[in-house]
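In this note's numbering, the protein residues as written are 1 to 67.
Where a beta carbon is used, it is the ideal one built from N, C-alpha and C, also for glycine.
The structure under discussion appears below in the form of structure tokens.
Below is the structure:
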């Protein structure tokens, strides 16, 4: 699934993305670390892997979208 980076805190390595329908979805340091990223800037297109449904939905992996 693709999304756009919305917020990112380099100290906690967590933040949020906006799904293509405008829904915000937070990610934690574990998801950030799983993708091997060093930095993320708001506005960057990312690829995410989401697990769970409804209130249990969370991002398990976040990486940069590449062509």
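Buried or exposed (CB count within 10 angstroms, at least 16 for buried), residue i
{"i": "residue 40", "result": "buried"}
{"i": "residue 29", "result": "exposed"}
{"i": "residue 15", "result": "buried"}
{"i": "residue 55", "result": "exposed"}
N- and C-terminal bounds of the beta strand (DSSP E) containing residue i
{"i": "residue 3", "result": "2-9"}
{"i": "residue 63", "result": "58-64"}
{"i": "residue 52", "result": "Careful: residue 52 lies outside any beta strand (DSSP E) and carries neither H nor E."}
{"i": "residue 18", "result": "14-19"}
DSSP bridge partner residues for residue i (one or two, in chain order)
{"i": "residue 45", "result": "4"}
{"i": "residue 25", "result": "17"}
Limits of the unbroken alpha helix (DSSP H) element including residue i
{"i": "residue 29", "result": "29-34"}
Whole-angstrom C-beta distance between residue j and residue i, which should lie under 8 Å
{"i": "residue 123", "j": "residue 50", "result": "With the chain covering 1 to 67 only, the question about residue 123 has no answer from this structure."}
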